[in-house]
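In the working numbering, the protein residues as written are 24 to 572. Note that beta-carbon positions come from the ideal geometry of N, C-alpha and C, so glycine has one too. Please read the structure below before turning to the comments.
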Amino acid sequence: MALKGHFYYKWKEFKELWSQNLLLSLTISGVIIGIWLGFILRGQNLSENTVSLVKFPGEIFMQVLKLMILPLIISSLIAALAQMDLKESKQMAILTVGYYSVTTFLAIVTAIFLVTVIHPGDPSIKKQIHIQENTNISPLDTFLDVLRNMFPENFVQATFQRVKTVYSPLNVGFLEGNKFVNQTSEFKKEIQYVSGMNILGIIVFCTSFGIVISHLGEKAKLVVEFFVICEAAIMKMIEIFMWFAPIGIICLIAGNLLEVENLSDTAAVLFWYVFTIISGLFIHTVITMPSVYYFVTRKSPIRLIKGVTQAIVTTFGTASSGASLPISMQCLEENLWVDRRISRFILPLGANINLDGNALYEAVAVIFIAQLNNISLSFSQIITISFIATIASLGLNSVPVGLVTIFVTLNTVGLPVNDVPLIITVDWLLDRIRTAMTVLGDAYVTDAVSHCISKDLKEADRNNRYHQDIQAEIRMLESAVNSRRPSKVSLILPTPAMSAAPCCSRRRHSETILSPHLLNANNQQQHPLNLNDVIITKMNSSLHKINEV
């Protein structure tokens with residue numbers, strides 16, 4: 024009988040665990056099935072239309088997730104900052120940028136060390152593939168584009184377009200007869216709007232808007248409640264739609280595997296290059312970031328990794344940190360109990376300034392191309408590569424890296440660009456891994472910052488509640504003065520201890536009770552006072568306490 028009860032208890036515990044982690048289990052299964060299905064279908068010589076049909080459900084899944092990015096960023100940033108004090112917002116921003124700067128520096132150091140020791144670039148495997156691409160982009164152009172995008176001239180336009188510096192070819196020559204003579208190709212620099220959401224500009228505007236609302240106090244209460252409700256509604260929509268994630272991930276991974284040509288040849292040629300980048304990402308994820316996290320929080324990183332596993336797996340399947348932003352918020356708030364104001368501020372910001380994965384990838388890729396061409400890099404060139412890789416990643420972190428950031432870095436140090444398509448053939452895999460690492464890095468930063476300022480936030484919340492309670496007392500007193508009723512007035516002045524525990528009904532010694540008859544210090548005589556005098560005294564005391572707060 025006891026054995027039967029034991030098995031029943033274990034079975035009930037297993038069912039409860041399975042129900043709690045059902046979505047995570049289905050998502051992981053989707054990744055495995057997608058890889059298996061992609062390799063199986065590669066041998067069937069499917070047509071291009073068939074491959075498009077295989078990938079189509081995954082594309083719909085990605086589009087719906089991306090649809091949620093803009094309303095989620097706007098509502099979450101404004102709602103979070105509007106409920107915070109300026110001091111806490113400033114402290115949180117400084118800690119976030121400082122933490123990201125340290126981890127990005129360590130990621131670049133790891134990349135340079137590994138690519139120098141392993142030396143994946145063998146000139147014998149080099150393939151000369153010439154491409155026509157704009158290679159005149161300079162680091163200054165990239166940096167200025169970042170600043171331009173931070174301050175958009177039109178908020179509506181920023182939701183679907185961003186600024187980018189482009190160089191258009193300009194043919195120069197003169198006409199002799201029916202032919203152009205001395206024709207040369209020059210490039211004209213132009214600042215254009217290109218398709219793509221300007222995340223940086225939206226974040227800057229929403230951050231400023233939220234901070235201003237927080238200073239308006241009671242006047243902006245309805246506006247704050249509106250954005251809080253919008254945020255809750257969007258998160259509920261995402262929570263429902265995430266049950267379609269396993270199907271979308273299966274189709275995306277299988278479709279990407281079917282689109283890669285000569286998979287075996289590419290793997291053989293670029294094995295050590297892929298091994299170097301994956302090793303760097305692994306070291307940074309398993310050693311560097313957990314060490315920094317433990318140094319700051321003195322907490323086990325395993326707990327955090329377990330809490331955000333759903334976000335990591337979803338990111339690997341979609342290859343988009345922006346698409347997995349809602350899942351990251353949900354994991355941190357529900358599994359790790361991070362204050363929603365912190366997660367809603369740091370995670371959208373981290374999607375644009377967390378450069379660890381991209382900076383590591385850029386540094387390895389550029390040095391790999393130099394090794395392919397038997398070019399020795401000096402220490403100053405390596406430092407330049409690291410700096411430009413970071414700036415380039417900052418400028419284009421919210422969009423797929425592609426060729427642009429690699430071209431910027433190669434041009435800066437004077438390296439050839441003809442070998443770039445060789446490494447792009449494996450970018451579909453590396454992009455998923457480094458994006459998943461970026462999401463985990465955002466989680467580390469968010470939880471670490473939460474650990475540093477959670478006490479200050481709680482103290483500020485207590486003071487705000489105390490301030491609101493005193494203001495409520497003053498309104499009651501003003502109402503009593505206006506009515507001038509000759510009735511007994513018995514008012515309780517709340518203290519910070521009472522505000523922290525409003526459910527407590529027992530009167531504490533710190534409570535101050537006023538009535539028309541006040542006792543003297545020895546509690547022996549009663550002195551009747553005028554009701555208005557009592558109320559005015561009470562109001563002065565309350566105002567004095569407000570100033571102290």
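Residue i beta carbon near the ligand MG (any heavy atom closer than 6 Å)
i, result
"Val-449", "You won't find the ligand MG in this model; it holds no ligand whatsoever."
CA nearest to the CA of residue i, picked from the options
i, options, result
"Leu-100", "Ile-214, Met-258, Arg-367 and Tyr-467", "Arg-367"
"Tyr-317", "Asp-470, Glu-482, Gly-144 and Phe-267", "Asp-470"
"Ile-300", "Glu-71, Leu-453 and Thr-165", "Leu-453"
"Val-179", "His-474, Phe-228 and Leu-69", "Phe-228"
"Ser-403", "Thr-165, Ile-135, Ser-323 and Leu-93", "Ile-135"
"Trp-295", "Glu-357, Ala-388, Ser-343 and Leu-378", "Ala-388"
"Val-77", "Leu-88, Gly-61, Ile-92 and Met-85", "Gly-61"
"Leu-348", "Pro-94, Gly-278, Ile-55 and Val-217", "Pro-94"
"Val-297", "Pro-143, Phe-128, Met-265 and Ile-55", "Pro-143"
"Leu-118", "Glu-284, Ile-273 and Ile-476", "Ile-476"
"Arg-321", "His-474, Ile-273 and Lys-242", "His-474"
"Ala-116", "Arg-485, Thr-139, Glu-284 and Thr-230", "Thr-230"
"Lys-89", "Ser-302, Glu-282 and Phe-264", "Phe-264"
"Ile-456", "Leu-137, Ser-302 and Val-132", "Ser-302"
"Leu-45", "Ser-314, Phe-232 and Gln-333", "Gln-333"
"Ala-412", "Ser-502, Ile-83 and Phe-166", "Phe-166"
"Phe-586", "Gln-114, Leu-286, Glu-282 and Gln-106", "There is no way to answer for residue 586, as the model of the chain reaches only from 24 to 572."
Whether residue i touches residue j by CB criterion (7 Å)
i, j, result
"Tyr-190", "Val-468", "no"
"Ile-234", "Leu-104", "yes"
"Val-462", "Ile-335", "yes"
"Glu-111", "Leu-359", "no"
"His-613", "Ala-130", "The chain is shown only over 24 to 572; residue 613 falls outside these bounds and no answer can be derived."
"Asp-168", "Thr-188", "yes"
"Ala-393", "Leu-327", "no"
"Met-173", "Gly-219", "no"
"Asn-221", "Arg-171", "no"
"Ala-102", "Glu-213", "no"
"Met-312", "Gly-464", "yes"
"Ile-272", "Gly-66", "no"
"Met-85", "Ile-261", "no"
"Leu-372", "Asp-442", "no"
"Ala-243", "Ile-236", "yes"
Cβ separation of residue i and residue j, assumed to be a contact under 8 Å, to the nearest whole Å
i, j, result
"Gly-380", "Thr-432", "With 8 Å as the limit, Gly-380 and Thr-432 do not qualify as a contact, their Cβ atoms being about 15 Å apart."
"Thr-341", "Leu-280", "Between Leu-280 and Thr-341 the Cβ distance is about 15 Å, and since that is not below 8 Å, they are no contact."
"Leu-355", "Met-460", "Going by Cβ atoms, the distance from Leu-355 to Met-460 rounds to 16 Å, so no, they are not a contact pair."
"Ile-390", "Leu-400", "7 Å"
"Ala-386", "Ile-408", "6 Å"
"Leu-49", "Pro-269", "4 Å"
"Gly-345", "Ala-382", "No, Gly-345 and Ala-382 are not in contact; Cβ-Cβ is about 18 Å, not under 8 Å."
"Phe-250", "Ser-98", "5 Å"
"Gly-240", "Gly-81", "About 47 Å separates the two Cβ atoms, so there is no contact after all."
"Val-331", "Ala-466", "4 Å"
"Leu-293", "Val-449", "5 Å"
"Val-125", "Val-315", "7 Å"
"Ile-350", "Ile-226", "With a Cβ gap of about 19 Å, Ile-350 and Ile-226 do not count as contacting."
"Val-283", "Trp-59", "Between Trp-59 and Val-283 the Cβ distance is about 16 Å, and since that is not below 8 Å, they are no contact."
Cβ-based burial, residue i [other Cβ within 10 Å; buried from 16]
i, result
"Phe-339", "buried"
"Ala-53", "Residue identity differs from the one stated: residue 53 is Gly in this sequence, not Ala. Buried, by the Cβ-count rule."
"Leu-245", "exposed"
"Glu-71", "exposed"
"Phe-79", "exposed"
"Ala-291", "exposed"
"Leu-573", "The question about residue 573 has no answer here: the residues shown for the chain are numbered 24 through 572."
"Gln-215", "exposed"
"Ser-343", "buried"
"Val-120", "exposed"
Residues that residue i bridges to, as DSSP identifies them
i, result
"Ser-191", "Lys-211"
"Arg-185", "Val-217"
Residue-chain proximity (residue i, chain B), Cβ-Cβ < 7 Å
i, result
"Cys-274", "Protein chain content of the structure displayed is limited to a single chain, and chain B is not contained in it."
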